[in-house]
Structures are given as C-alpha cells and as structure tokens.
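In the working numbering, the protein residues as written are 33 to 596.
What follows is the structure, encoded as structure tokens:
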C-alpha cells in the first residue's frame, strides 16, 4: 500500500506531501491543476522515464519519495533478497533527477538500477490510464493481456527463454555448418599441400647446405687445380715452403746457441711449420677426395628445384614452409573440433525444439481455456457496467490447421510468446456481429472494458495498489454510477487511487483529496489538501455544477454522499 508520497521541484510542484490510506482515495480538481502530474511522479518512482524537463524551473533537481507498506509477498521478498535489498514489509523508494542528467535511485537506502526499480514497481502498483486504453486498441497487446488475466505470464516468460535458447542454438548450428562447409572446401587442398610438404622431408637449413654442395660440384676441377698447386708449393716441390722453413729452423737453432733471443723466434717458426704441415695434409686429403660427379650434381640441383618450388608456394624460407604446414594441420584438426561442436549443438537444438513445441502447445491450450473463462467474466462485468448484452470473444489464429502439425512450419510460425496470435472481438449491440475491438469501441467503452479487466485481474494479483487515471473518460450518468460502484468494490481488496471528474465516482471514496493551483511568491504551483466532510460536499457539488456551486448542488451532494 502506498502510504506516503513526497514530491519536490517536479513540474509545477514546489513541495507536496500526501498521506494515502487504505480503501478508495479520490483525487479531484479542475483541469490543469496537476492531478496527472502527481500520477506521473508516482510513475517515476516505479521506474518510469525520467527527463531533466521534469525539473521545476529554477531548481537544480527534482525528487520523489514514496513509502509503501507491503504484506507478505513471496515473489517480492525473493526479488528483494536476490538484489540484496533489505525488506521487512516496508519499502522506501527515492529517486532524484538532476539538470546534468544524473539519475539516482535508492530502495530502502540501497542504490539500485532503473531495471530493478521497474521490476519492483510492477509488483506493488498497477497504473491504469489513457495509455492502457491505447494498449487495448493494439491487437499486438491482446495476447499479453490474456496471459495477465489468466496468470500465464510466468509461463510465457519461460517460453520466451526457451525461444531465445532455440534462436541461439539455431544461430550457432548455422554458423558452424557454414564454417565447416568452408573448411571442407579447403580441406582437399590443405591435405594435398600437407602431403606435398611432408613428402619432401625438409631438414632445417637443407637448402643452404645444398647450395654450397652445388657450388663445389660445379667447380670441382678448378678447386682441385687450386688445391693441387697449393699442395705442390707447400710440400711436394724441391725447395717447397716447408723444406725452406726446415732449413731456416736448422740455422736458427744453431744461432740460438749463441743468442738466446733467437729461441722465441725458433718456437714461433716451429708453430708455423706445424700449421703448414697440417694444411698440407688436409689439402692432400681434400684433393684426393675431390672429383667431378655429374650424377650427384644433378641430384643436388633436382633437390634444390623441389625445395625452391615449395618456397615459392608457401614461404620465403624453409622455416616459413614448415610454419605454413603446421597451420594447415591445425586447420584440419579444427574441422574435427567444429564437427564435434556441431554435433553437440544439434543435440541441444533438438532438445530445445522438443521442449519449445511442447510448451507452446500446452500454453496455447491453456490460453484457449482461459479465453473462454475470460469471455464470460468480462461479459458479466460489462453487464454490471451498463453494457448488458455485450458479447466479447478472443479470436485465435489457427496455427495447427495452417501448419498441419509440420514441425518445420510450426517453427517458422513460433515467436517469443509461442505460436498464438490473439485479438479481442466485441459486439456492443444485440444482434450485431463480432468485430475487432480496436475498430469499434468508443472511449467510454474502452474505459469500462479496461475496468472489467482490472476487476478480474485484481482477484488474482498480489499487487496492493491500483491507480486509475481518467477511468471516467467518455461516461456519465448511470454508467458513471456503476463504474464508481465497481471501483468501490475493488477498494475492498486493494488500495485504490482514482483521479476523477465525476461526482458519481468521487462520492464513493473513503478519502478525498483536492488538487488545485495556487500562487506563491509570484509563481504557480500545485497544492493538495485532504477534504473534511463539509469540504467534500462542496467539491462534489462543484463536480456536479461547475464553478458556481448552488444550494441545489449542495443538497444533491449531501444526498449522494449519504447513500455511500
């Protein structure tokens, strides 16, 4: 129950405090006084859209605070607990809007999000106004209204989750199929390339080694001539370098017996001789082992041609070729992984489709059962609201007949809310055919149809407070009297806050508030006051006759108040 409402610097409201009580709370006042502004403020603390345009001119921020007393409610308690908001039957909501666009929301002193606030709002208050009348005029909304009236909304939400899961798995399956198709198209080429590289048996730096060998084989005769000549001059010929060094050593050893300084030079020359001997031996081995080998040269050139061909195809260096081959192997292995993932997703998709179709079918059947109950209940309620003889029907599309129980066709028809499409049909005159409600209902009829739905819903909902804004649109006289009685009946089970211009409805209130404009410090602002018995008589008389309140209107006001 909404107990206390504080509004500051909101639209033309400077500061306003209202204490609502149980039962039927009436708000009346002249057009433009600010009644709907109060409801807009309530809507704001329930998660409605905020704008800096709502801030009173000259103020830096607008604030709305509300205190609710809520009886035991399992869903609300669970939601508050899940969102770490303390709750012991009392809810204090505060919302501030600043000129800079900052939006601060707290629930029981816990900072929270707009989405969380909206969820809480839906569980504690239902607002019915011109917007909801427009909802009735849109057939797209009719299925949701049916679900609300039949307590099927939770099942629709579950079905929506299934549908979103179905879409997610379907999207992934199609994505995997596309990836696998692309991979398979590449697979034949990839396998060929891997085999081509593997069959080559590449070794690290093999191409460089072969280039050296090719150079050697191509120039074998020239190299042999060079080595033979060098060997001859160092070792073989008479007066060779080594023989001359040996003679030098002989003389220097003799000389070192006379001069020790020659000893170091002897040692150095002996080292040179030893190195030259080693060079000559190696030259001898190399020249003896070096021969022109055309067959080997041909093999080397063929091997280099193969390796260079691989480099032209797959990389500048042999290491690049090997890296490319490893990448191909990963792609081939990845195709196997994708195929396994596809198999898993197809299994999940199949299971989700089965659950989705079963749940959609069960929900559809229950909707049709609820629709029959709803039709009877609404016709009964409309009869009590001066619309006797009205026929009301929920028209469903016949999906099963159209699809012939074909799974593929059903899946094409299904959506987040199932495969049902529903539209409210009505005949307000006896003997007339049923026609779409959106095309024939008048404003007054829409108000009463919505009130009838609210009455039915109120018997099933845990929402404590219902707000009616302009429920009296398009009605008067006896019809207004019946609407007032119906709202009063609802107030036996729910707190009702009702904005009205009709005395027939205002007279049914348990508490009556007058909203009016006033001038303070040279500025217009909205004021509100709770009326005592005499003030209430005067206000109801004003509602009957306008600005000029006559004695006759006063007498009539007393009369209708005495009847409530």
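The C-beta atom is built at its ideal place from N, Cα and C for all residues, glycine as well.
Since I believe residue j is in contact with residue i (beta carbons under 8 Å), could you give me their beta-carbon distance rounded to a whole number of angstroms?
{"i": "residue 56", "j": "residue 540", "result": "6 Å"}
{"i": "residue 426", "j": "residue 413", "result": "Not really, about 15 Å apart at Cβ, beyond 8 Å."}
{"i": "residue 119", "j": "residue 155", "result": "The pair is not a contact, with the Cβ atoms about 11 Å apart (cut-off 8 Å)."}
{"i": "residue 144", "j": "residue 115", "result": "7 Å"}
{"i": "residue 287", "j": "residue 294", "result": "5 Å"}
{"i": "residue 253", "j": "residue 306", "result": "So it is not a contact: roughly 31 Å between Cβ atoms."}
{"i": "residue 79", "j": "residue 133", "result": "Actually they are not in contact, since the Cβ atoms of residue 79 and residue 133 sit about 17 Å apart, beyond 8 Å."}
{"i": "residue 369", "j": "residue 229", "result": "Not really, about 22 Å apart at Cβ, beyond 8 Å."}
{"i": "residue 329", "j": "residue 250", "result": "7 Å"}
Would you report the Cα separation of residue i and residue j, rounded to the nearest angstrom?
{"i": "residue 459", "j": "residue 84", "result": "45 Å"}
{"i": "residue 403", "j": "residue 410", "result": "10 Å"}
{"i": "residue 17", "j": "residue 149", "result": "Because the chain spans 33 through 596 in this model, residue 17 falls outside it and cannot be assessed."}
{"i": "residue 138", "j": "residue 429", "result": "45 Å"}
{"i": "residue 472", "j": "residue 68", "result": "28 Å"}
{"i": "residue 279", "j": "residue 255", "result": "31 Å"}
{"i": "residue 343", "j": "residue 350", "result": "6 Å"}
{"i": "residue 561", "j": "residue 549", "result": "11 Å"}
{"i": "residue 174", "j": "residue 542", "result": "33 Å"}
{"i": "residue 557", "j": "residue 41", "result": "10 Å"}
{"i": "residue 382", "j": "residue 467", "result": "41 Å"}
{"i": "residue 159", "j": "residue 75", "result": "8 Å"}
{"i": "residue 170", "j": "residue 517", "result": "28 Å"}
{"i": "residue 423", "j": "residue 161", "result": "24 Å"}
{"i": "residue 452", "j": "residue 177", "result": "13 Å"}
{"i": "residue 291", "j": "residue 299", "result": "14 Å"}
{"i": "residue 141", "j": "residue 521", "result": "36 Å"}
{"i": "residue 167", "j": "residue 455", "result": "12 Å"}
{"i": "residue 417", "j": "residue 485", "result": "12 Å"}
{"i": "residue 580", "j": "residue 565", "result": "19 Å"}
{"i": "residue 123", "j": "residue 100", "result": "5 Å"}
{"i": "residue 589", "j": "residue 190", "result": "52 Å"}
{"i": "residue 268", "j": "residue 231", "result": "50 Å"}
{"i": "residue 113", "j": "residue 121", "result": "12 Å"}
{"i": "residue 662", "j": "residue 528", "result": "Outside the displayed span of the chain (33 to 596) sits residue 662, for which this structure offers no information."}
Is there at least one Cβ from chain B nearer than 7 Å to residue i's Cβ?
{"i": "residue 291", "result": "Going by chain labels, chain B is absent from the structure shown, which holds only one protein chain."}
On the DSSP bridge list, what partners appear for residue i?
{"i": "residue 280", "result": "Paired residue(s): none; residue 280 is not in a bridge."}
{"i": "residue 101", "result": "122"}
{"i": "residue 24", "result": "Residue 24 cannot be examined here, being either before or after the span of the chain that is shown, 33 to 596."}
{"i": "residue 596", "result": "None, per the DSSP bridge assignment."}
{"i": "residue 33", "result": "None; residue 33 has no bridge partner."}
{"i": "residue 135", "result": "129"}
{"i": "residue 426", "result": "456"}
{"i": "residue 48", "result": "39"}
{"i": "residue 547", "result": "560"}
{"i": "residue 468", "result": "457"}
{"i": "residue 94", "result": "129"}
{"i": "residue 57", "result": "529 and 543"}
{"i": "residue 552", "result": "555"}
{"i": "residue 200", "result": "Paired residues: none, contrary to the question."}
{"i": "residue 210", "result": "Partner(s): none; residue 210 has no beta bridge."}
{"i": "residue 447", "result": "450"}
{"i": "residue 87", "result": "42"}
For residue i, is the classification buried or exposed, using 16 other Cβ atoms within 10 angstroms of its Cβ as the cut-off for buried?
{"i": "residue 334", "result": "exposed"}
{"i": "residue 544", "result": "buried"}
{"i": "residue 50", "result": "buried"}
{"i": "residue 461", "result": "exposed"}
{"i": "residue 595", "result": "exposed"}
{"i": "residue 487", "result": "buried"}
{"i": "residue 523", "result": "buried"}
{"i": "residue 511", "result": "buried"}
{"i": "residue 597", "result": "Since the first residue of the chain shown is 33 and the last is 596, residue 597 is not available in this structure."}
{"i": "residue 526", "result": "buried"}
{"i": "residue 551", "result": "exposed"}
{"i": "residue 179", "result": "buried"}
{"i": "residue 72", "result": "buried"}
{"i": "residue 263", "result": "buried"}
{"i": "residue 102", "result": "buried"}
{"i": "residue 98", "result": "buried"}
{"i": "residue 64", "result": "exposed"}
{"i": "residue 66", "result": "buried"}
{"i": "residue 569", "result": "buried"}
Original post:
Are the stretch 370-380 and the stretch 196-206 in contact at 8 Å, needing three or more beta carbon pairs?
Top reply: yes
TODO: Determine contact between the stretch 471-480 and the stretch 506-514, defined as no fewer than three beta-carbon pairs at a distance below 8 Å.
DONE: yes
**Asked** Does the stretch 270-277 touch the stretch 302-313, meaning 3 or more C-beta pairs lie closer than 8 Å?
**Response** yes
Pairs of beta-carbons, one from the stretch 215-233 and one from the stretch 348-364, closer than 8 Å: are there three or more?
yes
Quick check: the stretch 191-198 against the stretch 494-503, are there 3 or more CB pairs under 8 Å? no
query: Just checking, does the stretch 570-588 make contact with the stretch 523-536 on the three C-beta pairs under 8 Å criterion?
result: yes
*Is there contact between the stretch 439-454 and the stretch 381-400, where contact requires at least three CB pairs shorter than 8 Å?*
yes
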